[in-house]
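Chemist:
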Amino acid sequence: MQRQAKFTFTTRQTLLIDAPSDNGDSEAPNPHLRTEPAGRLRSKDIARLVGVSQATVSNAINRPHLVAPKTRAEIVRIMSASGYSVNSTARALKSGIGQAIGVVVLDVANPFWGEVIKGVETVTSAGQIPLIIGSSNEDAGTERRILESFESQGVRGVLVAPTHANLPTLRRFQAKGIKVVLLDKEDPEGEFPSMSLDHAAGAATAARFLLDGGHRRFALVNGSPDISWCSSRSRGFHAECGGVAGAVVQEFNMSAMTVEEGWRSVSLLLAVEPAVTAVFCANDMLALGVLKGLAQRGIEVPRQMSVVGYDDAMFSELLSPGLTTVRQSAADIGRQAGLLIAPEFAPAEERGVLPHPRLVVRGSARALS
91 MQRQAKFTFT TRQTLLIDAP SDNGDSEAPN PHLRTEPAGR LRSKDIARLV GVSQATVSNA
151 INRPHLVAPK TRAEIVRIMS ASGYSVNSTA RALKSGIGQA IGVVVLDVAN PFWGEVIKGV
211 ETVTSAGQIP LIIGSSNEDA GTERRILESF ESQGVRGVLV APTHANLPTL RRFQAKGIKV
271 VLLDKEDPEG EFPSMSLDHA AGAATAARFL LDGGHRRFAL VNGSPDISWC SSRSRGFHAE
331 CGGVAGAVVQ EFNMSAMTVE EGWRSVSLLL AVEPAVTAVF CANDMLALGV LKGLAQRGIE
391 VPRQMSVVGY DDAMFSELLS PGLTTVRQSA ADIGRQAGLL IAPEFAPAEE RGVLPHPRLV
451 VRGSARALS
């Protein structure tokens with residue numbers, strides 16, 4: 091069955107007008123302004139009422155960080171009172187590049203990606219930049235169709251957690267002047283800017299915690315090795331266990347990083363001989379599925395099986411027992427990725443600052459006696 095591309099449109103709308111000439115005194119009509127009924131103000135009228143240049147009005151709409159807050163607030167007040175509106179589509183048609191930003195995540199239902207999107211919105215809301223959000227469901231064909239839709243809409247940039255199959259499409263975007271930033275993906279080739287944490291280090295931290303607790307027989311429930319952070323988390327976990335005598339890791343690569351696939355993995359990991367004592371899951375959705383599957387079989391966590399996840403999704407601490415998991419700041423990843431697309435909305439010292447992943451110990455894992 092062919093998967094359908096999913097899109098979500100945020101309610102924010104960017105207001106755009108063309109900047110006037112350098113001297114700010116041009117009286118030429120702006121071709122991108124909608125024709126307004128008599129009595130409604132034009133951008134030059136707003137400039138005159140506030141006592142600023144038309145260029146300042148343009149900046150207040152397109153580049154608000156360049157305008158003093160008091161001046162910007164007065165411009166916005168007059169615009170709202172007068173019912174002033176602008177045609178943002180015209181600019182995109184003229185330049186080939188619009189103002190919206192497209193975001194492609196693996197699964198919009200995963201709380202981790204919801205937090206990433208919230209982080210992006212802390213940047214885009216400052217400039218009233220619309221977001222168009224698509225969920226690829228870890229399918230390369232679906233992802234390609236979403237990207238092609240973004241291209242046809244003339245977005246200014248794309249934030250994407252990509253599959254390898256669509257790198258040629260992203261290269262075409264860059265060649266056209268559309269900014270591309272990889273979300274939570276390492277780019278060893280350096281082709282694209284990326285925002286990602288050290289997934290291998292986070293997984294190694296989880297492995298060390300379990301090893302120190304006496305565990306030696308592990309199941310690693312993972313997603314596709316074609317997803318970069320799945321590969322990195324696998325590498326980090328295996329590397330940490332590799333130097334410990336008697337440590338054995340049985341890895342299961344599931345078709346998706348979902349609760350359903352985590353649940354399905356339980357029958358596989360329970361068939362391993364000798365029996366595993368700890369399960370490390372490459373994300374918390376898989377871990378939730380594993381917990382569900384173990385509970386249905388009457389296997390107690392953590393007395394009979396320890397379970398560790400990755401991401402520290404907001405539901406992790408609400409479970410009983412609470413899920414031990416590797417915390418990475420999804421909102422920070424989204425914000426920093428957004429700043430790579432629109433760096434004008436934050437001072438330079440705020441860019442590129444991400445916390446290191448760390449283990450949050452709760453009740454789902456224990457040391458062996």
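The sequence shown begins at 91 in our numbering and counts up by one.
Don't be surprised by glycine CBs; every beta carbon is placed ideally from N, CA and C.
Note that the structure is predicted; figures quoted are calculated from it, not measured.
Can you tell me where the beta strand (DSSP E) holding E363 begins and where it ends?
Modeler: Counting from one through the sequence shown, the residue named residue 363 turns up at place 273. Note, E363: premise wrong, no beta strand (DSSP E); not H, not E.
Chemist: For E351, I'd like the list of residues in its chain whose CB is within less than 7 Å of its CB, leaving aside the five on either flank, ordered along the chain.
Modeler: On the sequence shown, residue 351 is found 261 positions in, with the first residue counted as 1. Closer than 7 Å at the Cβ level, and outside the excluded window around E351, lie M344, S345, L376, G379.
Chemist: In angstroms with no decimal places, state the Cα-to-Cα distance between A457 and N373.
Modeler: For the purposes of this step, residue 457 is taken as residue 367 along the sequence shown, with counting starting at 1. For the purposes of this step, residue 373 is taken as residue 283 along the sequence shown, with counting starting at 1. Each residue's alpha carbon lies about 21 Å from the other.
Chemist: What are the boundary residues of the beta strand (DSSP E) that includes K269?
Modeler: Reading the sequence shown from its first residue, position 179 is the one you call residue 269. 269-273 is the span of the beta strand (DSSP E), which, as asked, contains K269.
Chemist: Identify whether N312 lies in helix, strand or coil by the three-state DSSP scheme.
Modeler: Against the sequence shown, residue 312 aligns to sequence position 222. In this structure, N312 counts as strand in the three-state DSSP scheme.
Chemist: Need the endpoints of the beta strand (DSSP E) that F72 sits in, please.
Modeler: What is shown of the chain runs 91 to 459, which leaves residue 72 out entirely.
Chemist: Whose C-beta lies closer than 8 Å to the C-beta of R393 among residues of the same chain, with five residues either side of it excluded?
Modeler: One-based indexing of the sequence shown puts residue 393 at position 303. Excluding positions up to five away in sequence, the list reads R456.
Chemist: Rounded to whole angstroms, what is the Cα-Cα separation between M169 and L430?
Modeler: For the purposes of this step, residue 169 is identified with residue 79 of the sequence shown, where counting begins at 1. For the purposes of this step, residue 430 is identified with residue 340 of the sequence shown, where counting begins at 1. Straight-line Cα distance between these residues: approximately 30 Å.
Chemist: Nearest to V417 by CA position, among A385, L384, L444, is which residue?
Modeler: As a working note, residue 417 is residue 327 in the sequence shown. Here residue 417 is Arg; the residue named in the question, Val, does not match the sequence. Among A385, L384, L444, the Cα nearest to that of R417 belongs to L444.
Chemist: How would you label A297, buried or exposed, when you count the other beta carbons within 10 angstroms and need 16 or more for buried?
Modeler: To locate residue 297, count along the sequence shown from 1; it is residue 207. The residue in question, A297, is buried, as its Cβ has 16 or more Cβ neighbours within 10 Å.
Chemist: My assumption, with CB atoms under 8 Å, is that C371 sits in contact with V311. Please give the rounded CB distance.
Modeler: As a first step, residue 371 is located in the sequence shown; it is residue number 281 there, counting from the start. As a first step, residue 311 is located in the sequence shown; it is residue number 221 there, counting from the start. The Cβ separation is near 5 Å, so the contact holds.
Chemist: Exposed or buried, which one is A420 when buried takes at least 16 other CB atoms within 10 Å?
Modeler: As a working note, residue 420 is residue 330 in the sequence shown. Result: buried.
Chemist: Are the stretch 201-214 and the stretch 159-166 touching, with three or more C-beta to C-beta distances below 8 Å?
Modeler: Flag = no, the stretch 201-214 and the stretch 159-166 do not touch.
Chemist: For the 8 Å Cβ check, are there 3 or more pairs between the stretch 293-309 and the stretch 226-244?
Modeler: Contact fails: fewer than three Cβ-Cβ distances are below 8 Å.
Chemist: Specify whether the stretch 317-324 and the stretch 278-297 touch according to this definition: at least 3 beta carbon pairs, one from each stretch, less than 8 Å apart.
Modeler: They touch, by the three-pair rule.
Chemist: Is the Cβ-Cβ distance between L156 and V210 less than 8 Å?
Modeler: Sequence index remark: in the sequence shown, residue 156 carries index 66 (1-based). Sequence index remark: in the sequence shown, residue 210 carries index 120 (1-based). No, these two residues do not count as a Cβ contact at 8 Å.
Chemist: Return the Cβ separation of V245 and I191 in integer angstroms, given the expectation that the two are a contact with Cβ distance under 8 Å.
Modeler: Sequence index remark: in the sequence shown, residue 245 carries index 155 (1-based). Sequence index remark: in the sequence shown, residue 191 carries index 101 (1-based). About 6 Å separates the two Cβ atoms, so the contact holds.
Chemist: Going by C-alpha to C-alpha distance, which of G267, K266, I236 sits closest to P252?
Modeler: For the purposes of this step, residue 252 is taken as the residue at position 162 of the sequence shown. The shortest C-alpha separation from P252 is found at I236.
Chemist: Which residues does DSSP pair with L449 in a beta bridge?
Modeler: Position 359 of the sequence shown holds residue 449. Its beta-bridge partners are V416.
Chemist: Are Q264 and A309 close, meaning C-beta to C-beta below 8 Å?
Modeler: Within the sequence shown, the letter at position 174 stands for residue 264. Within the sequence shown, the letter at position 219 stands for residue 309. Not in contact: Q264 and A309 (Cβ atoms no closer than 8 Å).
Chemist: Can you name, in chain order, every residue of its own chain whose Cβ lies under 6 Å from the Cβ of F299, other than the five neighbours on each side?
Modeler: Mapped onto the sequence shown, residue 299 falls at position 209. Excluding sequence neighbours, F299 sits near L449.
Chemist: Quick one: Cα of S133 to Cα of V147, how far?
Modeler: Position 43 of the sequence shown holds residue 133. Position 57 of the sequence shown holds residue 147. Cα to Cα, S133 sits roughly 7 Å from V147.
Chemist: Going straight from the alpha carbon of Q94 to that of A158, what length do you get?
Modeler: Within the sequence shown, residue 94 is the residue found at index 4, counting from 1. Within the sequence shown, residue 158 is the residue found at index 68, counting from 1. Note that Q94 has pLDDT 47, beneath the 50 cutoff, so the model's placement of it is unreliable and the number below is only indicative. Cα-Cα distance, rounded: 45 Å.
Chemist: Sort Q218, V391, S410, G383 by Cα distance to E434 and report the nearest one.
Modeler: Along the sequence shown, one-based indexing puts residue 434 at 344. The shortest Cα separation from E434 among Q218, V391, S410, G383 belongs to Q218.
Chemist: What's the C-alpha gap between R261 and V270?
Modeler: Looking up residue 261 in the sequence shown gives position 171. Looking up residue 270 in the sequence shown gives position 180. Each residue's alpha carbon lies about 9 Å from the other.
Chemist: Can you tell which of T212, A432, V334 has its C-alpha closest to the C-alpha of A294?
Modeler: Your numbering for residue 294 matches position 204 in the sequence shown. Ranking the options by Cα distance to A294, first place goes to V334.
Chemist: Considering S225, what are the terminal residues of the beta strand (DSSP E) in which it resides?
Modeler: Looking up residue 225 in the sequence shown gives position 135. First-last of the beta strand (DSSP E) with S225: 221-225.
Chemist: What's the C-alpha gap between L413 and V391?
Modeler: Looking up residue 413 in the sequence shown gives position 323. Looking up residue 391 in the sequence shown gives position 301. If I take the Cα positions, the gap works out to 10 Å.
Chemist: Going by alpha carbons, who is nearest to S215 out of P447, S459, H446, G424?
Modeler: Position 125 of the sequence shown, counting from 1, holds the residue named residue 215. The residue with the shortest Cα to Cα distance from S215 is G424.
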